[in-house]
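Numbering (this note's numbering), first residue to last: 20 to 181. Ideal placement from N, C-alpha and C gives every residue a C-beta, glycine not left out.
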Amino acid sequence: MVQDHPSVGSMQLVNTHDAETLYALEWEPPAESLFQTMTEMGAALLGATGSADRWAIELRFPSHDALSGFQEYYLDRGIPVSIEKIYNPTKPDAGPWYGLTAVQRETLTHAVESGYYSLPREISTQELAAEFDISDQATTERLRRGIATLVDNTLLAAETEG
Numbered sequence: 020m021v022q023d024h025p026s027v028g029s030m031q032l033v034n035t036h037d038a039e040t041l042y043a044l045e046w047e048p049p050a051e052s053l054f055q056t057m058t059e060m061g062a063a064l065l066g067a068t069g070s071a072d073r074w075a076i077e078l079r080f081p082s083h084d085a086l087s088g089f090q091e092y093y094l095d096r097g098i099p100v101s102i103e104k105i106y107n108p109t110k111p112d113a114g115p116w117y118g119l120t121a122v123q124r125e126t127l128t129h130a131v132e133s134g135y136y137s138l139p140r141e142i143s144t145q146e147l148a149a150e151f152d153i154s155d156q157a158t159t160e161r162l163r164r165g166i167a168t169l170v171d172n173t174l175l176a177a178e179t180e181g
């Protein structure tokens, strides 16, 4: 059973639905395993499907260099790895905050955390403006420009890529 495997630390039931059961488990992958290598290279496992002789794995890497290093690692060991698709959901030059300026990021983050986008709205633009010591109009413009930048660098970038 899974919980008896030496790499599994703990396992708990998360949810059941019809004939399916979802578990969460803590585990330490064995050294030199695919998962250990993924972890060391900063990859996040997004999905995996497979059979006895072939796996399709969707991974997110922190950089193109990390992806290249992952592929080279396995090819050097005679394990065939093919990259079928590289997807970057943002424009390459968007930067770490999807093209947002620091003040746009701070304003948008605070607006979401304070309930500006909740229904009903939990904070007004006037209240946000007071917290940033700026005008109501400046707050509205930061939010508008920030949202436009996020959409341009994520949703529209992905649309033109597809």
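CA-to-CA distance, N34 to P81, given in whole angstroms: One-based indexing of the sequence shown puts residue 81 at position 62. One-based indexing of the sequence shown puts residue 34 at position 15. Going by the C-alpha atoms only, they are around 31 Å apart.
Can you tell me which of S52, L138, S133 puts its alpha carbon nearest to the alpha carbon of R96? Against the sequence shown, residue 96 aligns to sequence position 77. Of S52, L138, S133, the residue nearest in Cα terms is S52.
Cβ pair count under 8 Å reaching 3, the segment 88 to 105 against the segment 123 to 130: no
Residue interval of the alpha helix (DSSP H) (run including A130): The sequence position of residue 130 within the sequence shown is 111, counting from 1. Segment 121 to 133, the alpha helix (DSSP H) holding A130.
Any idea what DSSP makes of G97, helix, strand or coil? For this step, residue 97 is matched to residue 78 along the sequence shown. Coil at G97, not helix or strand.
Pull up the distance between the alpha-carbon of E150 and that of T158, whole angstroms please. Working through the sequence shown from its first residue, we reach residue 150 at position 131. Working through the sequence shown from its first residue, we reach residue 158 at position 139. Their Cα atoms are separated by approximately 10 Å.
Starting from T58, follow the alpha helix (DSSP H) in both directions and report where the run begins and ends. What you label residue 58 is simply residue 39 of the sequence shown in a count that begins at 1. From DSSP, the alpha helix (DSSP H) with T58 extends over 53 to 59.
DSSP on S143, reduced to helix/strand/coil? By 1-based counting over the sequence shown, the position of residue 143 is 124. S143 falls in the coil class under three-state DSSP.
Among R163, G69, G28, D84, which one has its Cα closest to the Cα of P49? What you label residue 49 is simply residue 30 of the sequence shown in a count that begins at 1. That would be G28, whose Cα lies nearest to the Cα of P49.
Apart from the five residues on each side of it in sequence, which residues of its chain come closer than 6 Å, Cβ to Cβ, to R124? To locate residue 124, count along the sequence shown from 1; it is residue 105. Correct list, in chain order: W116.
Assign A62 to one of two classes, buried (16 or more other C-beta atoms within 10 Å of its C-beta) or exposed (fewer than that). Here residue 62 corresponds to residue number 43 of the sequence shown, with the count starting at 1. Buried is the call here.
Residue span of the alpha helix (DSSP H) that contains G165, given as start and end: For the purposes of this step, residue 165 is taken as the residue at position 146 of the sequence shown. Where G165 is concerned, the enclosing alpha helix (DSSP H) stretches over 155 to 172.
Compute the Euclidean distance between the alpha carbons of Q55 and L41, then round it to the nearest angstrom. On the sequence shown, position 36 is the one that residue 55 refers to. On the sequence shown, position 22 is the one that residue 41 refers to. If you take the alpha carbons of Q55 and L41, they lie about 23 Å apart.
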